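In UniProt numbering, the protein residues as written are 1 to 404.
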């Protein structure tokens, strides 16, 4: 990793020290304030580990001297999963708290709302998690960059495996909002391109957080698909898995599933976790690269717990911001936006670049299949899919993102 912006093992040596002391009112000149907005009460399974990862990284950056002697401070706000609340909070952070930049976001519709605010107010927004491709393509703007591998990228990773299956009749199930709609769109388009003999015989779009799992499973079974593409997560996934298993939906059918290999969503299922699903996820206890092993140990020491995928996303968001601040000529919006373009840093999973053409990072994901081990779900036969290999060519991006 020589030559990358942040030396991760040097930073890890500072783990465990306290955050900069909170301030009141306007930002102090020796602090760089980050306004972080997320759906903490709406999506705690992902966002509590995310907050822990964020805190660990912030402590490490500050323990190593901060940015030219200036400490980072984060003002966290909870949008409760509501776009209108996120926009209001962004305004308060920018106008009253004088933050230097905005960050965070989990739900795609909320992330789009923050992105629109950032564009209108010319504030840098480093989006951590919102996965919709609209964030960097159709509604992309100068001021928004995204860390996490998108719906297109993760769908493309899964399509590579799905295309190898003999199944021709497919059904889909996804939450009925921007993320779910985007994932289904890309999976259908990419799989049909790879396998022209495939057809999609059913679609189910239950309301986010309010799935009627019995009715959804019944509707899917009635279409008699040979394989299913699942995009549900969190409590909706748990209910879908339980009802599907009870009603025999998964018998003699392959399931390809976005995010299901993440421990946030596998662990609540315990010994009910599905087996042999093809998934994207995070086999936290099996990835033994030096950078990941150092992160995992630092996280364990700090929180007496193992990391989840949210932990990595929170951690790497801070590390990306720190790398940008070391590169920028000034802590002001236009200079920071320019510094984000083409920014490279060493993530927990390896080298990552924020592409200049569309502001999407090349962070990848792990692809494998689910298995039960010691009474809990985990991933087996996995590999790391580097995000740079699952993005469309520049000429295609220019048609998807007119701003490019």
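All residues carry an ideal CB built from backbone N, CA and C; glycine is no exception. Here the structure is a predicted model, which means the values were calculated and not measured.
Put simply, the backbone Cα of residue 279 is about 28 angstroms away from that of residue 55. For residue 233, the CB contacts under 6 angstroms within the same chain, skipping 5 residues up- and downstream, are 259 and 265 in chain order.
Looking at the backbone, the Cα of residue 50 and that of residue 392 are separated by about 29 angstroms. Distance check between residue 268 and each of 290, 237, 69 and 257 places 237 closest, using alpha-carbon atoms only. When Cβ pairs closer than 8 angstroms are counted between the two stretches, the region 150 to 165 is seen to touch the region 364 to 371, the count reaching three or more.
In this structure, DSSP gives residue 379 an extended state, which the three-state scheme calls strand. Proximity to residue 148 across 210, 354, 217 and 101 peaks at 354, based on C-alpha coordinates.
Cβ atoms of residue 309 and residue 324 stay farther apart than 8 angstroms, at about 22 angstroms.
Fully enclosed beta strand (DSSP E) runs of no fewer than 3 residues occupy 101 to 104, 125 to 127 and 144 to 146 of the region 78 to 157, in order along the chain. According to the DSSP assignment, residue 204 belongs to the beta strand (DSSP E) that extends over 199 to 204.
By a beta-carbon distance limit of 8 angstroms, residue 228 contacts residue 220. Their separation comes to about 7 angstroms. Going by C-alpha positions, residue 120 is about 10 angstroms away from residue 114.
Secondary structure remark: continuous alpha helix (DSSP H) runs of at least 4 residues inside the region 207 to 253, in chain order: 213 to 222 and 234 to 246.
Apart from the 5 residues on each side of it in sequence, residue 341 sits with its Cβ closer than 6 angstroms to the Cβ of 356 in its chain, given in chain order. If the five residues before and after residue 276 are omitted, its C-beta is found closer than 7 angstroms to the C-beta atoms of 369 and 370, all from its own chain and listed in chain order. Among the bridge pairs identified by DSSP, residue 186 is matched with none.
For residue 333, the enclosing alpha helix (DSSP H) stretches over residues 333 to 340. The beta carbon of residue 364 lies closer than 7 angstroms to those of 149, 349, 384, 385, 386 and 387 in the same chain, with the five residues before and after it left out. Under the DSSP assignment, residue 362 falls outside any alpha helix (DSSP H); it carries neither an H nor an E label.
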